[in-house]
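Below: the structure, in C-alpha coordinates.
Residue numbers (the working numbering): 638 to 744.
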(Lines of atoms letter the chains of each structure in order from A and count residues from 1; the text may use other names and numbers.)
(Lines give C-alpha, C1' and ligand atoms only; values in the text may rest on other atoms or scores of the structure.)
Protein backbone atom coordinates (compact mmCIF):
# COMPACT_ATOMS: atom_id res chain seq x y z
CA UNK A 1 0.00 0.00 0.00
CA UNK A 2 1.73 3.14 -1.25
CA UNK A 3 0.67 6.46 0.16
CA UNK A 4 1.14 9.53 -1.99
CA UNK A 5 1.42 12.87 -0.30
CA UNK A 6 -0.38 15.73 -2.01
CA UNK A 7 1.98 18.32 -3.48
CA UNK A 8 2.22 21.52 -1.49
CA UNK A 9 0.12 24.44 -2.79
CA UNK A 10 2.00 27.10 -4.77
CA UNK A 11 3.02 30.18 -2.81
CA UNK A 12 0.79 33.26 -3.14
CA UNK A 13 1.91 35.56 -5.93
CA UNK A 14 2.65 38.48 -3.59
CA UNK A 15 5.20 36.41 -1.67
CA UNK A 16 7.19 35.58 -4.79
CA UNK A 17 9.23 38.81 -4.65
CA UNK A 18 9.63 39.02 -0.88
CA UNK A 19 12.80 36.93 -0.79
CA UNK A 20 14.70 39.35 -3.01
CA UNK A 21 17.10 41.79 -1.46
CA UNK A 22 17.47 45.42 -2.33
CA UNK A 23 14.21 46.82 -0.97
CA UNK A 24 11.94 45.70 -3.79
CA UNK A 25 8.71 47.56 -3.00
CA UNK A 26 6.74 46.71 -6.13
CA UNK A 27 4.10 45.00 -3.98
CA UNK A 28 3.32 48.32 -2.32
CA UNK A 29 2.70 49.93 -5.69
CA UNK A 30 0.22 47.19 -6.53
CA UNK A 31 -1.67 47.85 -3.30
CA UNK A 32 -1.80 51.57 -4.04
CA UNK A 33 -3.12 50.83 -7.54
CA UNK A 34 -5.86 48.66 -6.06
CA UNK A 35 -6.95 51.53 -3.82
CA UNK A 36 -7.16 53.85 -6.82
CA UNK A 37 -9.37 51.39 -8.69
CA UNK A 38 -11.78 51.26 -5.75
CA UNK A 39 -12.37 55.01 -5.84
CA UNK A 40 -15.65 55.90 -7.47
CA UNK A 41 -16.06 58.69 -9.98
CA UNK A 42 -18.23 61.61 -8.92
CA UNK A 43 -21.89 61.49 -9.86
CA UNK A 44 -22.90 63.36 -13.00
CA UNK A 45 -24.17 66.89 -12.42
CA UNK A 46 -27.37 66.18 -14.39
CA UNK A 47 -30.00 64.89 -11.89
CA UNK A 48 -31.35 62.27 -14.32
CA UNK A 49 -27.90 60.88 -15.05
CA UNK A 50 -26.99 60.97 -11.35
CA UNK A 51 -30.12 59.00 -10.46
CA UNK A 52 -29.33 56.48 -13.19
CA UNK A 53 -25.76 56.07 -11.88
CA UNK A 54 -27.10 55.43 -8.37
CA UNK A 55 -29.58 52.94 -9.81
CA UNK A 56 -26.84 51.07 -11.63
CA UNK A 57 -24.77 50.97 -8.45
CA UNK A 58 -27.71 49.61 -6.43
CA UNK A 59 -28.46 47.04 -9.15
CA UNK A 60 -24.84 45.84 -9.14
CA UNK A 61 -24.97 45.56 -5.35
CA UNK A 62 -28.12 43.44 -5.62
CA UNK A 63 -30.47 46.01 -4.05
CA UNK A 64 -33.24 45.88 -6.62
CA UNK A 65 -35.77 47.92 -4.63
CA UNK A 66 -33.33 50.79 -4.33
CA UNK A 67 -32.40 50.41 -8.01
CA UNK A 68 -36.08 50.73 -8.99
CA UNK A 69 -36.39 53.86 -6.85
CA UNK A 70 -33.37 55.49 -8.47
CA UNK A 71 -34.43 54.57 -12.01
CA UNK A 72 -37.92 55.92 -11.26
CA UNK A 73 -36.30 59.14 -10.08
CA UNK A 74 -34.28 59.31 -13.32
CA UNK A 75 -37.50 58.84 -15.31
CA UNK A 76 -39.15 61.69 -13.37
CA UNK A 77 -36.31 64.00 -14.49
CA UNK A 78 -36.13 62.82 -18.10
CA UNK A 79 -38.98 60.56 -19.14
CA UNK A 80 -37.84 60.38 -22.75
CA UNK A 81 -34.69 58.31 -22.09
CA UNK A 82 -35.53 54.69 -22.91
CA UNK A 83 -32.44 53.42 -21.04
CA UNK A 84 -34.01 54.46 -17.72
CA UNK A 85 -37.07 52.32 -18.49
CA UNK A 86 -34.89 49.41 -19.65
CA UNK A 87 -32.83 49.53 -16.47
CA UNK A 88 -35.91 49.74 -14.26
CA UNK A 89 -37.42 46.86 -16.24
CA UNK A 90 -34.37 44.70 -15.47
CA UNK A 91 -34.58 45.51 -11.76
CA UNK A 92 -38.33 44.82 -11.69
CA UNK A 93 -37.76 41.48 -13.38
CA UNK A 94 -35.21 40.55 -10.70
CA UNK A 95 -37.89 41.33 -8.11
CA UNK A 96 -40.34 38.99 -9.83
CA UNK A 97 -42.55 41.86 -10.97
CA UNK A 98 -42.74 40.65 -14.57
CA UNK A 99 -45.89 42.56 -15.58
CA UNK A 100 -44.35 45.88 -14.58
CA UNK A 101 -41.05 44.89 -16.22
CA UNK A 102 -42.81 44.14 -19.51
CA UNK A 103 -44.67 47.44 -19.32
CA UNK A 104 -41.40 49.35 -18.90
CA UNK A 105 -39.80 47.32 -21.66
CA UNK A 106 -42.46 48.45 -24.11
CA UNK A 107 -41.87 52.16 -23.57
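Don't be surprised by glycine CBs; every beta carbon is placed ideally from N, CA and C.
Inclusion of residue 723 and residue 730 in the CB contact set at 7 Å is not warranted, their separation being larger than that value. For residue 686, the closest of 704, 715 and 741 by C-alpha to C-alpha distance is 715.
In the structure shown, residue 737 adopts helical secondary structure according to DSSP, grouped into three states. Secondary structure of residue 732 (DSSP, three-state): coil. Nearest C-alpha to residue 721 among 696, 734, 732 and 735: 696. Under the three-state reduction of DSSP, residue 716 is assigned to coil, being neither helix nor strand. By the beta-carbon neighbour count (other beta carbons within 10 angstroms, threshold 16), residue 733 is exposed.
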